[in-house]
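Novice: Residue numbers (our numbering): -2 to 125. A single structure is presented below for examination.
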Amino acid sequence: MATSPNAYRSSDAEGAEALHQIVMASLDDDQAVDTISIPLAGKSSIADHMVIASGRSTRQVASMAQKLAERIKAETGRSARIEGLPTADWVLIDAGDVIVHLFRPEVRSFYNLERMWSFGDAPTPLAH
């Protein structure tokens, strides 16, 4: 079934920010490591925020991804799309306004998405 690339995008900035807060709270609750958020609004049409975080093991990465998808569904009523869950080395959660990448640390350092998406600005790690 073909869908529009923006099918899950919110039409207002407040909705995008609320979703971003849900994502950040869920990752904090699940003890994600080295969580950063890269603002994409005005720079890319794919999302308003990209969040990148690590888990200590494939089990933690998979658990964080599943809990995040469940929390997004419970609090917003919309389903997030998930890729990479079976191996859980790199899991992508597409929640529409927020794209989340969850990695094992070794895989994260190999792909270095922070550098690719920073638009010349070094993203700042978020304090816990």
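Even glycine gets a Cβ: it sits at the ideal position worked out from N, Cα and C.
1) Whole beta strand (DSSP E) runs in the segment 8 to 48 with 3 or more residues, listed along the chain?
2) Please specify which runs of the beta strand (DSSP E), each continuous and at least 3 residues long, are wholly inside the segment 52 to 118, giving them in chain order.
3) Cα separation between Arg101 and Arg68?
4) Please report the distance separating the alpha-carbon of Ile33 from that of Ser42.
5) With distances taken Cα to Cα, identify the nearest neighbour of Asp27 among Leu16, Arg56, Ile35, Pro36.
Specialist: This is what the structure holds:
1) Fully enclosed beta strand (DSSP E) runs of 3 or longer: 30 to 36.
2) Listed in chain order, they are 78 to 80, 87 to 91, 95 to 100.
3) The straight-line gap separating the alpha-carbon atoms of Arg101 and Arg68 is approximately 21 Å.
4) Rounded to whole angstroms, Ile33 to Ser42 spans 19 Å at the Cα level.
5) Checked all of Leu16, Arg56, Ile35, Pro36; the closest Cα to Asp27 is Arg56.
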